[in-house]
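*Asks:* The opening position of the sequence shown corresponds to residue 9 in this note's numbering, with each subsequent residue numbered one higher.
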Amino acid sequence: MGFLKQDTPQIDFEEWSKGTRAEKIIPMARHWAEVGFGTPVALHLFYVVKIGLYILAAWLLALNTNGINGFTNVAQWYAEPIVFEKVVLYTMLFEVVGLGCGFGPLNNRFFPPMGSILYWVRPGTIRLPPWPGRIPLTRGDQRTPVDALLYGALLVLLLVAIFSNGTGPVPALRTTVGVLPSWQIWAVLSVLAVLGLRDKVIFLAARGEVYASFTVAFLFAGYGVDMILGAKLVCLVIWLGAATSKLNKHFPFVISTMMSNNPVFRPRSIKRKFFEHFPDDLRPGRRSRWLAHFSTAIEGLVPLVLFFSHGGWPTAIAAFVMLCFHFGILSAIPMGVPLEWNVFMMFGVLALFVGHASVGLRDLTTPLPILLFAVVAGTVVLGNLFPRKVSFLPGMRYYAGNWDTTVWCVKPSVDDKFRTGSRALGPLQHLQLERLYKSKDNTLIPMHLALAFRGM
Numbered sequence: 009m010g011f012l013k014q015d016t017p018q019i020d021f022e023e024w025s026k027g028t029r030a031e032k033i034i035p036m037a038r039h040w041a042e043v044g045f046g047t048p049v050a051l052h053l054f055y056v057v058k059i060g061l062y063i064l065a066a067w068l069l070a071l072n073t074n075g076i077n078g079f080t081n082v083a084q085w086y087a088e089p090i091v092f093e094k095v096v097l098y099t100m101l102f103e104v105v106g107l108g109c110g111f112g113p114l115n116n117r118f119f120p121p122m123g124s125i126l127y128w129v130r131p132g133t134i135r136l137p138p139w140p141g142r143i144p145l146t147r148g149d150q151r152t153p154v155d156a157l158l159y160g161a162l163l164v165l166l167l168v169a170i171f172s173n174g175t176g177p178v179p180a181l182r183t184t185v186g187v188l189p190s191w192q193i194w195a196v197l198s199v200l201a202v203l204g205l206r207d208k209v210i211f212l213a214a215r216g217e218v219y220a221s222f223t224v225a226f227l228f229a230g231y232g233v234d235m236i237l238g239a240k241l242v243c244l245v246i247w248l249g250a251a252t253s254k255l256n257k258h259f260p261f262v263i264s265t266m267m268s269n270n271p272v273f274r275p276r277s278i279k280r281k282f283f284e285h286f287p288d289d290l291r292p293g294r295r296s297r298w299l300a301h302f303s304t305a306i307e308g309l310v311p312l313v314l315f316f317s318h319g320g321w322p323t324a325i326a327a328f329v330m331l332c333f334h335f336g337i338l339s340a341i342p343m344g345v346p347l348e349w350n351v352f353m354m355f356g357v358l359a360l361f362v363g364h365a366s367v368g369l370r371d372l373t374t375p376l377p378i379l380l381f382a383v384v385a386g387t388v389v390l391g392n393l394f395p396r397k398v399s400f401l402p403g404m405r406y407y408a409g410n411w412d413t414t415v416w417c418v419k420p421s422v423d424d425k426f427r428t429g430s431r432a433l434g435p436l437q438h439l440q441l442e443r444l445y446k447s448k449d450n451t452l453i454p455m456h457l458a459l460a461f462r463g464m
């Protein structure tokens with residue numbers, strides 16, 4: 009891997025280009041097994057800096073709250089309920105603007121490196137209502153000025169919330185700072201719901217199944233510790249849903265390709281061991297299968313210990329294991345780049361399960377947290393039973409790395425139709441790569457590396 013230059017396969021290009029599609033993919037797959045995509049070190053550092061800026065911004069937002077002081081005095085305020093509220097809403101803003109999952113070159117977005125806000129503030133772009141025939145005032149597939157205003161309103165409401173101060177002492181939550189005003193929570197959820205009925209893509213991009221679920225829990229702030237308990241239950245559903253999604257035959261394939269693309273494990277000899285018999289059999293090897301099953305067990309069992317233990321060594325050990333689990337994913341900088349989400353989940357472990365370790369089901373004041381758990385968990389169940397009816401995001405089936413499955417076969421002329429019809433800001437992917445690699449021939453190698461990735 010070079011610092012600025014991609015590590016590409018060393019092949020006889022003229023001879024290679026004469027082969028069939030399958031013959032072209034073979035050397036690409038072998039290269040991927042040893043090197044991955046060959047991403048330049050500078051690009052990985054870019055994502056590391058991006059993670060650092062995300063953390064720094066969250067840190068400063070917490071300190072911008074009256075009653076929370078001390079940049080290095082984190083132990084005194086990290087578990088404040090309002091800090092968790094702000095981190096949730098800030099991360100929702102981060103995602104819905106387009107800076108989170110799916111941002112940049114590691115998700116094959118080059119010119120521009122993101123979509124989201126670049127489209128959703130512009131009337132005339134495409135929108136996808138979930139139930140246009142059932143919900144009044146949602147028909148149509150073109151964004152109107154009202155849709156753009158709703159999206160803008162969501163951004164403004166999120167900004168207002170993350171720069172707000174607390175409501176004052178809430179003894180049940182052991183805080184003198186308080187929580188965010190309930191009207192702000194209601195406003196964010198209401199606008200997001202209306203916006204989602206007009207365009208489901210925005211709701212999904214905001215990671216509504218995660219951050220909106222936490223935001224619903226914030227409505228329980230006036231009922232004892234139900235807000236903390238509700239947030240813990242949402243975390244539990246996320247982990248268990250993610251573990252359930254990995255109970256399949258393809259997850260070891262995800263592990264082998266992810267580890268071969270891991271920037272931390274550099275030696276090719278290590279990466280080869282994740283495959284059955286390099287270079288002729290690139291199915292997942294024993295190490296990949298073991299790691300897949302072990303990580304699934306960790307994600308499915310340790311959160312139960314974290315939830316049902318209320319302090320002491322069991323909580324400390326479970327929290328440490330989950331921090332290592334998420335850091336392991338984070339350090340791999342996987343394709344799709346769910347980086348800030350992993351940082352957020354690590355913060356959630358500390359803020360909810362360590363900072364409020366004593367809070368459990370016995371502290372329940374109302375049935376609201378249980379109802380929230382039932383709705384979120386029920387959606388996961390329905391998503392697995394009826395995948396054609398429920399998006400794989402609220403169904404939480406994407407945690408197994410099964411996102412990269414769609415292939416569109418179109419004529420070259422379709423690019424112009426796409427750009428004019430959808431008011432797109434960039435051309436199709438291969439044309440973006442041609443601009444990056446300066447020629448059509450140079451583009452063929454990264455394109456076939458992507459095909460090898462899909463095939464592995």
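Note that the Cβ used here is the ideal one computed from N, Cα and C, for glycine as well.
Note that the structure is predicted; figures quoted are calculated from it, not measured.
Under a three-way DSSP split, which group does residue 207 fall into?
*Replies:* Counted from its first residue, the sequence shown places residue 207 at position 199. Residue 207: coil per DSSP, three-state reduction.
*Asks:* Between which two residues does the alpha helix (DSSP H) harbouring residue 54 extend?
*Replies:* Here residue 54 refers to the residue found at position 46 of the sequence shown. That run of the alpha helix (DSSP H) goes 49-71.
*Asks:* Could you pull out every residue in the same chain whose Cβ sits closer than 8 Å to the Cβ of residue 79, ignoring the five residues on either side in sequence?
*Replies:* Locating residue 79 in the sequence shown gives position 71, where the first residue counts as 1. So the list reads 67, 71, once near-sequence residues are dropped.
*Asks:* Can you tell me whether DSSP reads residue 183 as helix, strand or coil?
*Replies:* Looking up residue 183 in the sequence shown gives position 175. In the structure shown, residue 183 sits in a strand (DSSP, three-state: E or B).
*Asks:* Nearest CA to the CA of residue 151: which residue from 429, 456, 461, 165?
*Replies:* As a first step, residue 151 is located in the sequence shown; it is residue number 143 there, counting from the start. Taking only the C-alpha atoms, the option nearest residue 151 is 429.
*Asks:* By the three-class DSSP mapping on this structure, what secondary structure does residue 401 have?
*Replies:* Residue mapping note: residue 401 aligns to position 393 of the sequence shown, counting from 1. Of the three classes helix, strand and coil, the one that applies to residue 401 here is coil, per DSSP.
*Asks:* Span of the beta strand (DSSP E) holding residue 290?
*Replies:* What you label residue 290 is simply residue 282 of the sequence shown in a count that begins at 1. Here the beta strand (DSSP E) through residue 290 covers 289-292.
*Asks:* Using only CA atoms, which one of 47, 92, 315, 131 lies nearest to residue 14?
*Replies:* For the purposes of this step, residue 14 is taken as residue 6 along the sequence shown, with counting starting at 1. Selected option, being the one with the closest Cα: 47.
*Asks:* Please state the DSSP three-state secondary structure of residue 316.
*Replies:* Within the sequence shown, residue 316 is the residue found at index 308, counting from 1. Here residue 316 sits in helix by DSSP.
*Asks:* So, helix, strand or coil for residue 285, using DSSP?
*Replies:* As a working note, residue 285 is residue 277 in the sequence shown. Strand, per DSSP.
*Asks:* Indicate whether residue 219 and residue 357 have their beta-carbon atoms separated by less than 7 Å.
*Replies:* Locating residue 219 in the sequence shown gives position 211, counting from the first residue. Locating residue 357 in the sequence shown gives position 349, counting from the first residue. No.
*Asks:* Quick one: residues in its chain with C-beta nearer than 6 Å to the C-beta of residue 407, no 5 flanking neighbours on either side, listed in chain order?
*Replies:* Numbered from 1 along the sequence shown, position 399 holds the residue referred to as residue 407. Excluding residues within five positions, the ones whose Cβ falls inside 6 Å are 250, 253.
*Asks:* So, under 8 Å CB-CB, residue 186 and residue 345 are touching, yes? Tell me the CB distance rounded to an integer number of Å.
*Replies:* Here residue 186 refers to the residue found at position 178 of the sequence shown. Here residue 345 refers to the residue found at position 337 of the sequence shown. Going by Cβ atoms, the distance from residue 186 to residue 345 rounds to 35 Å, so no, they are not a contact pair.
*Asks:* Any idea what DSSP makes of residue 199, helix, strand or coil?
*Replies:* In the sequence shown, the residue the question calls residue 199 occupies position 191. Helix.
*Asks:* For the region 368-384 against the region 236-244, are there 3 or more C-beta pairs whose distance is under 8 Å?
*Replies:* Contact between the region 368-384 and the region 236-244 is present, because at least three Cβ pairs lie under 8 Å.
*Asks:* Is it the case that the region 276-288 contacts the region 27-43, given that we only count it when at least three CB pairs across the two stretches are under 8 Å?
*Replies:* Enough Cβ pairs lie closer than 8 Å, so yes.
*Asks:* Suppose you measure from the CA of residue 81 to the CA of residue 54; what does that come to, to the nearest Å?
*Replies:* As a position in the sequence shown, residue 81 is number 73, starting the count at 1. As a position in the sequence shown, residue 54 is number 46, starting the count at 1. Whole-angstrom Cα-Cα distance: 28 Å.
*Asks:* Helix or strand or just coil, what does DSSP make of residue 351?
*Replies:* Against the sequence shown, residue 351 aligns to sequence position 343. Helix.
*Asks:* State the Cα-Cα distance for the pair residue 159 and residue 173, rounded to the nearest angstrom.
*Replies:* On the sequence shown, residue 159 is found 151 positions in, with the first residue counted as 1. On the sequence shown, residue 173 is found 165 positions in, with the first residue counted as 1. Each residue's alpha carbon lies about 24 Å from the other.
*Asks:* Nearest CA to the CA of residue 73: which residue from 94, 63, 57?
*Replies:* Residue mapping note: residue 73 aligns to position 65 of the sequence shown, counting from 1. For the residues 94, 63, 57, the minimum Cα distance to residue 73 belongs to 94.
*Asks:* Is the beta carbon of residue 340 sitting closer than 7 Å to the one on residue 37?
*Replies:* As a first step, residue 340 is located in the sequence shown; it is residue number 332 there, counting from the start. As a first step, residue 37 is located in the sequence shown; it is residue number 29 there, counting from the start. Going by C-beta atoms, residue 340 is not nearer than 7 Å to residue 37.
*Asks:* In angstroms, rounded to a whole number, what distance separates the CA positions of residue 312 and residue 305?
*Replies:* Here residue 312 refers to the residue found at position 304 when the sequence shown is read from its first residue. Here residue 305 refers to the residue found at position 297 when the sequence shown is read from its first residue. Using only the alpha carbons, I get a separation of about 11 Å.
*Asks:* Per DSSP, what are the beta-bridge partners of residue 125 in this structure?
*Replies:* Taking the sequence shown and counting its residues from 1, one reaches residue 125 at position 117. The partner list for residue 125 (beta bridge, DSSP) is empty, contrary to what the question assumes.
*Asks:* Quick one: residues in its chain with C-beta nearer than 6 Å to the C-beta of residue 267, no 5 flanking neighbours on either side, listed in chain order?
*Replies:* Taking the sequence shown and counting its residues from 1, the one referred to as residue 267 is at position 259. Here the set comprises 282.
*Asks:* Mark residue 12 as exposed unless 16 or more other C-beta atoms lie within 10 angstroms of its C-beta, in which case mark it buried.
*Replies:* Indexing the sequence shown from 1 puts residue 12 at position 4. Residue 12 should be labelled exposed.
*Asks:* Would you report the Cα separation of residue 324 and residue 367, rounded to the nearest angstrom?
*Replies:* Your numbering for residue 324 matches position 316 in the sequence shown. Your numbering for residue 367 matches position 359 in the sequence shown. Distance between the alpha carbons of residue 324 and residue 367: 15 Å.
*Asks:* Grab the span of the alpha helix (DSSP H) containing residue 456 for me, first residue to last.
*Replies:* Position 448 of the sequence shown, counting from 1, holds the residue named residue 456. That run of the alpha helix (DSSP H) goes 448-463.
*Asks:* Let me know the secondary structure DSSP gives residue 19 once reduced to three states.
*Replies:* As a position in the sequence shown, residue 19 is number 11, starting the count at 1. Note: residue 19 maps to coil in three-state DSSP.
*Asks:* In this structure, what does DSSP give as the bridge partners for residue 90?
*Replies:* Along the sequence shown, one-based indexing puts residue 90 at 82. None; residue 90 has no bridge partner.
*Asks:* To the nearest angstrom, how far is the alpha carbon of residue 57 from that of residue 116?
*Replies:* Within the sequence shown, residue 57 is the residue found at index 49, counting from 1. Within the sequence shown, residue 116 is the residue found at index 108, counting from 1. Rounded to the nearest angstrom, the two C-alpha atoms are 19 Å apart.
*Asks:* Answer yes or no: do residue 307 and residue 183 have a C-beta to C-beta separation smaller than 7 Å?
*Replies:* Here residue 307 refers to the residue found at position 299 of the sequence shown. Here residue 183 refers to the residue found at position 175 of the sequence shown. Not a contact, by the Cβ cut-off of 7 Å.
*Asks:* Does the region 130-139 touch the region 201-209, meaning 3 or more C-beta pairs lie closer than 8 Å?
*Replies:* Contact between the region 201-209 and the region 130-139 is present, because at least three Cβ pairs lie under 8 Å.
*Asks:* Leaving aside the five residues before and after residue 342 along the sequence, list all residues of the same chain whose C-beta is less than 6 Å from its C-beta, in chain order.
*Replies:* For the purposes of this step, residue 342 is identified with residue 334 of the sequence shown, where counting begins at 1. 266.
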